[in-house]
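Structure first, commentary second.
Residue numbers (mature numbering (1 follows the signal peptide of the UniProt record, and there is no 0)): -22 to -1, 1 to 558.
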C-alpha cells in the first residue's frame, strides 16, 4: 500500500495535474461527509467574511411523525473530531449518531435520537454547530469561519423503512473571503501568474538569441523555441482557468468552464508527453550525435508519446474533479462528495495504472539511451557533445532529488504529528507539493535544457558534425547496437564524412589539432600568419618532403646555367654573373 501511494504521488507530481475543485459540493446518502480547508479573512484577505451554508435539494423518505425531512447536520473543524461522539471501551468503536441503544445506556436523550452526539461539557478548538434540516432550501443555517482550519460537514438521514439508506441531496457552499476557489488551491492562483510572467521574460531572452543566431540554428533548437512559446501560452491559460473558477459562483459547473477545463487538460497532457518525447530523442542523440534517427526507433518514440498523451488527457481531466485527500476517520465513514470522482475508484485506476507503466517505460528508455549515447561519445572522444550530455544527466538527476525532497517533506509533515494534526497542516501544502512544486521543477529543467542547447555562434558546427562517430564507417543503431548500418551508402540520411566536433578550438587560444611540440596558436596569431586548424600533420610532412625533392631537382637541372635556389650560394651566383 505504501508503494502504491508513493507511486501515485510520484505520478501526480510528474504530471503536475492541476486539480481544481469547486467550493460547492453535493452530499448524499452514499457520500454524506466532506472536508476541506478554509482561510479566515485575516489570513487571506477578501471582500466578504468566509462562511459555510447548506441547501437541501431533495430527500427520499420523510419522517413519519412530522411528514418533513429529518436530516441531521454537523459542521466542525477536523481537530475536534476526537472530541465528538461516544467511545465504547468494550467494542473500541466511536459512535457519532445517537441510537436507541445509546439512549438506553444514558449516553444521549430521546430528543437527540438520530442526531450527532456533541458533548456539551467538552472544550473544542473551534465552534461545533449541529442542526436538523426539516425543509428544502437553506433552512436559515450558516456557519461563520473565524479561524483558518480544516472544516468538515457531515449529514445523516435516518432510515424509516426496510431499505438500506434514505437518500437525499444536500449542496454545501464553502465560501472563502477571496472567492470560490478551494483554499488548498488559492496559493496556485498568484504563483501560476508569477510563473507565467517568468516564462514570458525567459522566452523573450531566448527568442532574442534565436533571432541573433537565426542563420546558425539547428532543427532541435527550432523545436525548443516553438515549445518555449507553447509553454508560455499554456501557463497563462492555466492561470486564467484558476481565475475563472475563483470568480464563478454557478453550480453545477457550467458547460463552458468544463470545456475550457478539458482544453487545458489537453494542453497539459501535450506538454508532459512532448517533453518526454523531446527528452527521449535527445537522449538517443537526435540532432547532435545523429542527424536522423532510424525510422523504426523514431516510430517507437512517437507511439509512446501518443499513448502517454491519450491516458494523460483522461487522467488530468478526472483529476480536476477528483475529491481532495480526505481523512480516513470521519463521523460517517465516508470521505467523498457525491459530485466528485473518488481517486480510489476503478475508473480512476484503469487510467492511472497504464499511465504509470508508460511513465516508467519512458524514464527507463531515456536513461538507458542516454547511457549508450554517453558511452559512444566517450569512445569517439567527442568532448563537447559528451559534456553536453553530462550536463543533461546532472540536470535530470537534480530534478529527481528535488522531487524526492518534496516527498520527504510530505512524509515528515504526516508522520511527525498525530493523524489529526498532520491533516490540519498538510491541506495547506499538499497541492503546493504535488502540483506547484513539480511545475517549478519542470520550469527549471526546461530552462536548463534550453541553456545547454542554446543558439550560439558555434552551435551550427554541431550540425556540421554529421560524421557518424565510428572509425570503421558503420553506424550503431542507438536502440540495437548489434545492427550495423553502412553510412557511406546512406549519406543522405546520415550525412557526409566530415567531422567538426571539437568546438574547443573556437573557444580557446590553443589549437587542439596541432603538434604539441610545434609553435602555439598564440604565436601563430602574433606572427600574423593564418593556419588551417583542421590541417593534417602527416599530410604537411609529406608535402614538405616533396617540396625538398623538387628543389633538389631544379637545382640539379639548372647547374649549367649557374641557377641556384639555395640562399647559401648567393655569392657564387653573383660571381658567375660578372664572368658572363
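A virtual CB, placed ideally from N, CA and C, is assigned to each residue, including glycine.
If we call anything under 8 Å between Cβ atoms a contact, is residue 12 one with residue 154?
no
Write down every uninterrupted run of the alpha helix (DSSP H) in the stretch 67 to 101 whose length is 4 residues or greater and which is fully enclosed by it, in chain order.
If only uninterrupted alpha helix (DSSP H) runs of at least 4 residues are considered, those enclosed by the stretch 67 to 101 are 78 to 82.
In the DSSP assignment, find the beta strand (DSSP E) that holds residue 132 and state where it starts and stops.
127 to 134
Helix, strand or coil at residue 45 [DSSP, three-state]:
coil
Contact between the stretch 255 to 274 and the stretch 232 to 239 (3+ Cβ pairs under 8 Å):
no
From residue 291 to residue 243, what distance separates their C-alpha atoms?
The alpha-carbon atoms of residue 291 and residue 243 are separated by roughly 6 Å.
Need the endpoints of the alpha helix (DSSP H) that residue 424 sits in, please.
415 to 430
Have a look at residue 270 and residue 428 and give me their C-alpha separation to the nearest angstrom.
So the two alpha carbons sit approximately 20 Å from each other.
Presumed contact (8 Å Cβ cut-off) between residue 30 and residue 94, rounded CB distance:
Not a contact, Cβ separation roughly 15 Å.
Residue 564: first and last residue of the uninterrupted alpha helix (DSSP H) it sits in
Within the shown structure, residues of the chain are numbered from -22 to 558, placing residue 564 beyond reach of any answer.
Residues in its own chain within less than 6 Å of residue 559 by CB, not counting five upstream and five downstream?
Here the chain covers residues -22 to 558 and nothing more, so residue 559 does not appear.
Flag this pair as yes or no: are the beta carbons of residue 181 and residue 5 separated by less than 8 Å?
no
Ignore the nearest five residues each way along the sequence and tell me which others in residue 372's own chain have a CB closer than 7 Å to its CB.
none
Identify, in the order they occur along the chain, each residue of the same chain with its Cβ nearer than 6 Å to the Cβ of residue 41, setting aside the five sequence neighbours on each side.
Short of 6 Å from the beta carbon of residue 41, and not among the five residues preceding or following it, lie these beta carbons of its own chain, in chain order: 48.
Find the nearest neighbour of residue 340 within the set 252, 160, 198, 177, judged by alpha-carbon distance.
When only C-alpha atoms are compared, the closest one is 252.
Identify every run of the alpha helix (DSSP H) within the stretch 211 to 279, keeping only runs that are complete inside it and at least 4 residues long; order them along the chain.
233 to 261
Less than 8 Å between the beta carbons of residue 335 and residue 257, yes or no?
no
CA-CA distance, residue 356 and residue 370?
15 Å
Go through its chain and collect everything with a Cβ distance to residue 213's Cβ below 7 Å, but skip five positions before and after it.
170, 173, 174, 177
Do you know whose CA, among 328, 19, 425, 390, lies nearest residue 122's CA?
19
Who are the Cβ neighbours of residue 66 in its own chain at under 8 Å, not counting the five residues just before and after it?
72, 73
Suppose you measure from the CA of residue 562 to the CA of residue 364; what does that come to, to the nearest Å?
Residue 562 lies beyond the range of the chain shown here (-22 to 558); nothing can be said about it.
Assuming residue 375 and residue 329 form a contact by the criterion Cβ under 8 Å, report the distance between their Cβ atoms to the nearest whole angstrom.
The C-beta distance from residue 375 to residue 329 rounds to 29 Å, too long to fall under 8 Å, and the pair is not in contact.
Taking its Cβ as the centre, do 16 or more other Cβ atoms sit within 10 Å of residue 23, making it buried, or is it exposed?
exposed
When 140, 118, 124 are compared against residue 103, the one with the closest alpha-carbon
Ranking the options by Cα distance to residue 103, first place goes to 124.
Any idea what DSSP makes of residue 560, helix, strand or coil?
Because the chain in this structure spans residues -22 to 558, residue 560 falls outside the shown range and cannot be described.
By how many angstroms is the C-alpha of residue 354 removed from the C-alpha of residue 261?
Linking residue 261 to residue 354 through their CA atoms gives a straight-line distance of about 12 Å.
Residue 331 (DSSP reduced to helix, strand or coil)
DSSP, reduced to helix, strand and coil, places residue 331 within a helical segment of the structure shown.
Cα-Cα separation, residue 422 to residue 358
31 Å
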